[in-house]
Amino acid sequence: MGIYEVEFQGTKVKAILVDHEAALDSKIAEFKTSLQNQGCPVLGIDFKVNSCDNKVELLILCGVNHCLLIKLPNIHSYPRSLEEVLSDGNLCFVGIGIRDKIPGLTLESVYWKSDAGEPLSFYMSRIVEVCDLAAKVLKKPKLCKCGLAELDKEVRINSTVASTASSTSSCPVMDSKVKVEIASLPNSKVKVEIASLPDSKVTVGIASLLDSKVNVEINSKVTVEIASLPDSKVKAEKASLPEMIECIPDWKAVVFSDEEIKFEYGINLRIHVVLIIIAIPMKYLSKIGTYEVDFQGAKVKAILVTNEAILEAKIAELRSSLQRQKCSVVGIDFKLYTGTKVKAVLVDHEATLDANIAEFKTSLQNQGCPVLGIDFKVNSCDQKVELLILCGVNHCLLIKLPNIHSYPRSLAEVLSDRNLCSVGIGIRDKILDAKIAELRSSLQRQKCSVVGIDFILYTGKKAKLMILCSLNVCLIIKLAKLHSTPYNLKNFLEDKSVCFVGNGIRDKLPSLTSVNDLWRISLFYPEKHLSISISGVVEACDLASMVMKKSNLCNSGLAEMNKEVRINTVASTTASSSSSLPPPVSKVQVEKANLPVITCPNWNAVGFSDEEIKYVIHDAYTCCFIGDRLLGLGNDRCF
Numbered sequence: 007m008g009i010y011e012v013e014f015q016g017t018k019v020k021a022i023l024v025d026h027e028a029a030l031d032s033k034i035a036e037f038k039t040s041l042q043n044q045g046c047p048v049l050g051i052d053f054k055v056n057s058c059d060n061k062v063e064l065l066i067l068c069g070v071n072h073c074l075l076i077k078l079p080n081i082h083s084y085p086r087s088l089e090e091v092l093s094d095g096n097l098c099f100v101g102i103g104i105r106d107k108i109p110g111l112t113l114e115s116v117y118w119k120s121d122a123g124e125p126l127s128f129y130m131s132r133i134v135e136v137c138d139l140a141a142k143v144l145k146k147p148k149l150c151k152c153g154l155a156e157l158d159k160e161v162r163i164n165s166t167v168a169s170t171a172s173s174t175s176s177c178p179v180m181d182s183k184v185k186v187e188i189a190s191l192p193n194s195k196v197k198v199e200i201a202s203l204p205d206s207k208v209t210v211g212i213a214s215l216l217d218s219k220v221n222v223e224i225n226s227k228v229t230v231e232i233a234s235l236p237d238s239k240v241k242a243e244k245a246s247l248p249e250m251i252e253c254i255p256d257w258k259a260v261v262f263s264d265e266e267i268k269f270e271y272g273i274n275l276r277i278h279v280v281l282i283i284i285a286i287p288m289k290y291l292s293k294i295g296t297y298e299v300d301f302q303g304a305k306v307k308a309i310l311v312t313n314e315a316i317l318e319a320k321i322a323e324l325r326s327s328l329q330r331q332k333c334s335v336v337g338i339d340f341k342l343y344t345g346t347k348v349k350a351v352l353v354d355h356e357a358t359l360d361a362n363i364a365e366f367k368t369s370l371q372n373q374g375c376p377v378l379g380i381d382f383k384v385n386s387c388d389q390k391v392e393l394l395i396l397c398g399v400n401h402c403l404l405i406k407l408p409n410i411h412s413y414p415r416s417l418a419e420v421l422s423d424r425n426l427c428s429v430g431i432g433i434r435d436k437i438l439d440a441k442i443a444e445l446r447s448s449l450q451r452q453k454c455s456v457v458g459i460d461f462i463l464y465t466g467k468k469a470k471l472m473i474l475c476s477l478n479v480c481l482i483i484k485l486a487k488l489h490s491t492p493y494n495l496k497n498f499l500e501d502k503s504v505c506f507v508g509n510g511i512r513d514k515l516p517s518l519t520s521v522n523d524l525w526r527i528s529l530f531y532p533e534k535h536l537s538i539s540i541s542g543v544v545e546a547c548d549l550a551s552m553v554m555k556k557s558n559l560c561n562s563g564l565a566e567m568n569k570e571v572r573i574n575t576v577a578s579t580t581a582s583s584s585s586s587l588p589p590p591v592s593k594v595q596v597e598k599a600n601l602p603v604i605t606c607p608n609w610n611a612v613g614f615s616d617e618e619i620k621y622v623i624h625d626a627y628t629c630c631f632i633g634d635r636l637l638g639l640g641n642d643r644c645f
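Here my numbering is used: the first residue of the sequence shown is 7, the next is one more, and so on.
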């Protein structure tokens with residue numbers, strides 16, 4: 007841990023480097039105290055990312071006069087003290103280019119991995135981009151794409167124009183003599199242009215300049231301090247850096263020198279950037295999206311709130327304004343994205359579905375853009391899909407699926423039309439829940455509650471697809487598309503009344519372990535917190551060996567097991583019991599060699615051919631068939 011005192015634009019800043027978990031709580035407590043004293047709930051934030059593996063190495067939090075630099079790889083758990091700061095809805099986090107720096111950054115979360123290999127994540131109030139903030143406050147859209155230098159200049163100009171005499175008096179002007187001070191810029195080339203101010207004298211003081219070149223252009227006699235000169239332009243060339251610093255500092259080092267702290271490519275760059283960011287909203291936070299308009303002879307203050315960090319303050323301001331009214335009356339209105347009239351048709355009978363879909367397709371052709379909004383409403387009790395919602399620009403269909411007893415061809419044509427782009431929110435989870443309910447329901451029609459399970463892997467042993475098969479329903483789940491383990495999938499996999507049968511699962515997933523009768527499977531997606539527990543995975547060969555009492559089956563393949571199971575099932579089952587099994591099962595080709603010869607499919611594709619689907623479900627379906635036959639020998643119902 008290191009404590010540094012650096013001076014930035016006349017302000018002394020205390021920078022604390024925290025590289026040990028034990029000291030983090032106390033330093034965060036000290037940092038929170040400094041935030042309370044600064045009087046404005048604005049917090050600058052930045053990240054230092056390792057260019058090799060894109061992992062976040064340094065988290066930087068800055069107030070007006072206090073900075074925390076936290077080495078994330080040294081933090082092995084998520085401290086509650088840090089969580090309280092980052093998730094504090096009263097704080098406004100301001101940064102620049104944060105999403106570009108961290109590929110894993112979502113709207114509210116950042117993931118990193120500790121040195122111990124433990125995946126960690128933290129969540130924060132929504133980060134505001136400083137350029138967007140300045141564009142809204144100063145009402146200049148062009149600032150959305152500008153850099154910090156231009157942004158800082160623009161803010162300084164506006165703050166000078168908007169400031170009152172009392173605020174400008176804080177800039178030291180003594181006897182019309184102002185001192186231009188340039189401090190601690192070793193080996194730099196500095197160009198200072200001073201605008202004309204009549205009848206003034208100029209004193210230029212240069213401190214600690216080693217081999218510097220200074221060019222001062224003076225159009226008149228001026229007295230100004232460079233820190234408070236809005237129109238000054240200071241250009242420092244990065245080529246002339248201190249000789250003692252030859253490269254970017256090692257962020258994994260235990261301690262840093264004062265030069266590295268001030269170094270533009272070192273931590274000072276982060277402090278420099280963040281403090282400029284802090285300087286902007288500190289002056290303008292109360293004016294974010296604020297407009298003064300004349301309405302029917304009265305001046306009305308209109309506030310546009312786009313960040314939840316300031317919402318409570320603005321609501322309190324609105325509530326306070328009611329006290330100055332004669333009556334506590336608030337007008338309310340809602341503005342939709344467009345003023346388009348939308349025709350919504352509820353279809354609750356199969357007979358009218360085709361006609362309504364035909365009308366809907368016509369409206370899609372007329373809208374000129376092949377985009378289709380889609381959503382599902384799921385029954386919270388049985389997780390079955392009750393309502394399918396399809397929306398075009400001016401036409402919506404709401405289809406009650408429980409009332410549709412067959413899959414209409416007209417609906418299939420719309421849903422499978424590859425010329426249409428279907429857009430929705432949370433659709434994968436809703437569909438997955440419904441399909442898991444369907445899979446669970448299909449087990450009631452089997453003799454035993456057996457589910458075949460299989461995984462398709464990346465070359466690096468990452469699980470890409472999980473296949474779950476009953477005798478009538480197969481689910482192929484793209485694990486890479488899941489951001490966490492869905493609740494209903496987790497419940498189904500941990501259901502001890504279901505027997506999961508696989509083939510070579512231990513070889514495919516070396517991380518498979520057994521804890522309290524649950525098989526833990528690491529799916530190699532730690533950044534997504536994706537892991538799966540299964541109530542029990544039985545190898546098909548072990549099951550066949552135990553049930554049929556033939557030890558030689560322990561090392562047999564699916565083809566040999568399937569043949570052996572069929573022989574024994576024919577010998578032991580009656581015609582009535584065998585007739586209960588689905589007819590397609592008897593035609594299953596168990597050797598993949600007998601399947602159509604295809605190249606390895608691209609599992610990232612949106613759709614697959616029938617041959618590719620047969621290929622991918624082959625092992626899981628065969629395992630389900632073998633398990634159901636073995637566990638059902640001599641039993642009317644095994645579970």
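Built from N, CA and C at the ideal position, the CB exists for glycine as well. On a predicted model such as this, the values are computed, not experimentally measured, just so you know.
For this session: Compare the Cα-Cα distances from Ile442 to each of Asn425, Val384, Arg424 and report the closest residue.
Result: The sequence position of residue 442 within the sequence shown is 436, counting from 1. Of the candidates Asn425, Val384, Arg424, the one whose C-alpha sits nearest the C-alpha of Ile442 is Val384.
Exercise. Hey, how far is the Cα of Pro590 from the Cα of His624?
Worked result: For the purposes of this step, residue 590 is taken as the residue at position 584 of the sequence shown. For the purposes of this step, residue 624 is taken as the residue at position 618 of the sequence shown. No answer about Pro590 holds up, because its pLDDT of 37 lies below 50 and its placement is not dependable.
Exercise. Measuring CB to CB, does Ser428 end up less than 7 Å from Ile380?
Worked result: Within the sequence shown, numbered from 1, the residue matching residue 428 stands at position 422. Within the sequence shown, numbered from 1, the residue matching residue 380 stands at position 374. Their beta carbons are under 7 Å apart, which means Ser428 touches Ile380 by this criterion.
Exercise. Which one or two residues does DSSP pair with Met554 in a beta bridge?
Worked result: One-based indexing of the sequence shown puts residue 554 at position 548. In DSSP, Met554 forms no bridge with anything.
Exercise. Do the stretch 10 to 17 and the stretch 48 to 64 touch if we need at least three Cβ pairs shorter than 8 Å?
Worked result: no
Exercise. If we ignore side chains and look at the alpha-carbon of each, how far apart do Leu157 and Ile410 end up?
Worked result: For the purposes of this step, residue 157 is identified with residue 151 of the sequence shown, where counting begins at 1. For the purposes of this step, residue 410 is identified with residue 404 of the sequence shown, where counting begins at 1. The straight-line gap from Cα to Cα measures roughly 59 Å.
Exercise. What's the call for Ile338, buried or exposed, on a 16-neighbour Cβ count within 10 Å?
Worked result: The residue labelled residue 338 in the question sits at position 332 within the sequence shown. Exposed, since its Cβ has fewer than 16 Cβ neighbours within 10 Å.
Exercise. For Gln450, which of Leu139, Asn478, Ala29, Asp439 has the nearest alpha-carbon?
Worked result: What you label residue 450 is simply residue 444 of the sequence shown in a count that begins at 1. Ranking the options by Cα distance to Gln450, first place goes to Asn478.
For this session: May I ask which residues mark the beginning and end of the beta strand (DSSP E) holding Asp354?
Result: For the purposes of this step, residue 354 is identified with residue 348 of the sequence shown, where counting begins at 1. Unbroken run through Asp354: none, as it is neither H nor E.
For this session: Look at Leu438 and Pro376 and say whether their C-beta atoms are less than 7 Å apart.
Result: As a position in the sequence shown, residue 438 is number 432, starting the count at 1. As a position in the sequence shown, residue 376 is number 370, starting the count at 1. No, these two residues do not count as a Cβ contact at 7 Å.
For this session: Taking only runs that begin and end inside the stretch 387 to 447, name each unbroken alpha helix (DSSP H) of 4 or more residues, in chain order.
Result: 415 to 421
For this session: Determine the burial state of Glu160: buried for a count of at least 16 other Cβ atoms within 10 Å of its Cβ, exposed for fewer.
Result: Numbered from 1 along the sequence shown, position 154 holds the residue referred to as residue 160. With 16 or more Cβ atoms within 10 Å of its Cβ, Glu160 is classed as buried.
Exercise. With distances taken from CA atoms, which of Met567, Cys630, Ile483, Ala304 is nearest Ser455?
Worked result: Counting from one through the sequence shown, the residue named residue 455 turns up at place 449. Answer by Cα proximity: Cys630.
Exercise. Is Ile482 helix, strand or coil by DSSP?
Worked result: Counting from one through the sequence shown, the residue named residue 482 turns up at place 476. Residue state, collapsed to three classes: strand.
Problem set entry | Endpoints, the beta strand (DSSP E) within which His82 is located | For the purposes of this step, residue 82 is identified with residue 76 of the sequence shown, where counting begins at 1. Here His82 belongs to no beta strand (DSSP E), and DSSP marks it neither H nor E.
Exercise. Using the C-alpha atoms, what's the distance from Val136 back to Pro47?
Worked result: Residue 47 sits at position 41 when you count from the first residue of the sequence shown. Residue 136 sits at position 130 when you count from the first residue of the sequence shown. For Pro47 and Val136, the distance between alpha carbons rounds to 15 Å.
Problem set entry | Simplified DSSP state of His650, which is helix, strand or coil | Residue 650 cannot be examined here, being either before or after the span of the chain that is shown, 7 to 645.
For this session: Select from Pro85, Tyr413, Leu97, Gly458 the residue whose C-alpha is nearest the C-alpha of Arg45.
Result: Position 39 of the sequence shown, counting from 1, holds the residue named residue 45. Per the sequence presented here, residue 45 reads as Gly, with Arg not at that position. Closest by alpha carbon: Leu97.
Problem set entry | Residue nearest to Ser552 in terms of C-alpha spacing, selected from Ile632, Leu488, Thr628 | In the sequence shown, the residue the question calls residue 552 occupies position 546. Per the sequence shown, residue 552 should be read as Met rather than Ser. That would be Ile632, whose Cα lies nearest to the Cα of Met552.
Problem set entry | Contacts around Asp513, its chain only, beta-carbon distance under 6 Å, and the 5 residues preceding and following it disregarded | Here residue 513 is taken as the residue at index 507 of the sequence shown, counted from 1. Answer for Asp513: no residue qualifies.
Exercise. For Gly510, does the three-state DSSP call read helix, strand or coil?
Worked result: Your numbering for residue 510 matches position 504 in the sequence shown. Three-state result, Gly510: coil.
Exercise. Which of helix, strand or coil does DSSP assign to Phe14?
Worked result: For the purposes of this step, residue 14 is identified with residue 8 of the sequence shown, where counting begins at 1. Phe14 falls in the strand class under three-state DSSP.
Problem set entry | Same chain, Cβ closer than 8 Å to His355, five either side skipped, listed in chain order | Walking along the sequence shown from the start, residue 355 turns up at place 349. Contacts found: Asn409.
Problem set entry | Status (buried if at least 16 other CB within 10 Å, exposed otherwise) for Ser476 | Against the sequence shown, residue 476 aligns to sequence position 470. Burial call: buried.
For this session: Go through its chain and collect everything with a Cβ distance to Leu471's Cβ below 8 Å, but skip five positions before and after it.
Result: Residue mapping note: residue 471 aligns to position 465 of the sequence shown, counting from 1. Once the five neighbours on either side are set aside, the close Cβ partners of Leu471 are Phe461, Ile462, Ile482, Ile483, Lys484, Leu485, Trp609, Val622.
Exercise. What is the DSSP secondary structure of Lys151, counted as helix, strand or coil?
Worked result: Locating residue 151 in the sequence shown gives position 145, where the first residue counts as 1. It is helical.
Problem set entry | Ala418 versus Gln452, Glu444, Leu359, residue with shortest Cα-Cα distance | Here the question's residue 418 lines up with position 412 in the sequence shown. If we check each option's Cα against that of Ala418, Leu359 comes out closest.
For this session: Pull up the distance between the alpha-carbon of Arg424 and that of Leu495, whole angstroms please.
Result: Taking the sequence shown and counting its residues from 1, one reaches residue 424 at position 418. Taking the sequence shown and counting its residues from 1, one reaches residue 495 at position 489. Approximately 29 Å between the Cα atoms of the pair.
Exercise. The beta strand (DSSP E) spanning Asp634 covers which residue range?
Worked result: By one-based count along the sequence shown, residue 634 stands at place 628. First-last for Asp634: 616 to 637, but that is the alpha helix (DSSP H), not the beta strand (DSSP E).
For this session: For Ala140, count neighbouring Cβ atoms within 10 angstroms of its own Cβ and tell me buried if that reaches 16, exposed if not.
Result: Numbered from its first residue, the sequence shown carries residue 140 at position 134. Buried.
Problem set entry | Coarse secondary structure for Thr6, derived from DSSP in three states | Because residue 6 is not part of the residues shown, which for the chain are 7 to 645, the question remains open.
Problem set entry | Per-residue DSSP class, three states only, for Glu570 | By one-based count along the sequence shown, residue 570 stands at place 564. Note: Glu570 maps to helix in three-state DSSP.
Exercise. What is the DSSP secondary structure of Phe269, reduced to helix, strand or coil?
Worked result: Along the sequence shown, one-based indexing puts residue 269 at 263. In this prediction, Phe269 has a pLDDT of 44, which is less than 50 and means its spatial position is unreliable; nothing more can be read from the coordinates.
Exercise. If you follow the beta strand (DSSP E) that Cys98 is part of, which residue opens it and which one closes it?
Worked result: What you label residue 98 is simply residue 92 of the sequence shown in a count that begins at 1. Per DSSP, Cys98 belongs to the beta strand (DSSP E) from 98 to 101.
Problem set entry | Of the residues Tyr84, Val91, Asp25, the one placed nearest Gly50, counting alpha carbons only | As a first step, residue 50 is located in the sequence shown; it is residue number 44 there, counting from the start. If we check each option's Cα against that of Gly50, Val91 comes out closest.
Exercise. Is it right to say Leu317 is buried, meaning 16 or more other beta carbons lie within 10 angstroms of its own, or is it exposed?
Worked result: As a first step, residue 317 must be located in the sequence shown, where it is residue number 311. When all chains shown are included, Leu317 counts as exposed.
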